[in-house]
Amino acid sequence: MDYNFLEDNLFIMANHKSSEKRIRQTEARTESNRYYARTMRNALKKLRSTTEKNEALEMAPKMDAMLDKLAKKNVIHKNKAANLKSSVQKHINGLS
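Structure representation (structure tokens):
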């Protein structure tokens, strides 16, 4: 039997070959999504911590593209991407 161990010694025993494959795919996607979400959060923190308007304006298009790409791949929800883009733009407009 094939056991897939999760956190805290919990495990899932797959009953079919297809469910074993789905478990593997889900684990791989989860790991990938965590990486991209963490990268996005780090980029947001960096942009929000800037006090120079020119520097923030250079970073904004890259941030918008990253958010759009993550929303397209369903890593984050499209409305969350829109809200983040809006808040970043408000931050940039508030800089002098």
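Per our numbering: the sequence shown = residues 14 to 109. Even for Gly, the Cβ is constructed at its ideal location relative to N, Cα and C.
Item                                                                                                                                                : Value
Can you tell me the Cβ-Cβ gap for alanine 69 and leucine 108, rounded? I've got them flagged as a contact below 8 Å.                                : 6 Å
Can you name the start and end residues of the alpha helix (DSSP H) that lysine 86 belongs to?                                                      : Neither: lysine 86 is in no alpha helix (DSSP H) and is coded neither H nor E.
Let me confirm a value: methionine 76 is counted as buried when at least 16 other C-beta atoms fall within 10 Å, else exposed. Which label applies? : buried
Expressed to the nearest angstrom, what Euclidean distance is found between the alpha-carbon atoms of serine 31 and serine 45?                      : 21 Å
What are the boundary residues of the alpha helix (DSSP H) that leucine 97 is part of?                                                              : 91-107
What I want to know is whether the C-beta of alanine 94 ends up closer than 7 Å to one or more non-hydrogen atoms of the ligand MN.                 : In terms of ligand content, the structure shown is empty, and the ligand MN therefore cannot be addressed.
Taking the CB atoms as reference points, tell me whether isoleucine 89 and alanine 41 lie closer together than 8 Å.                                 : no
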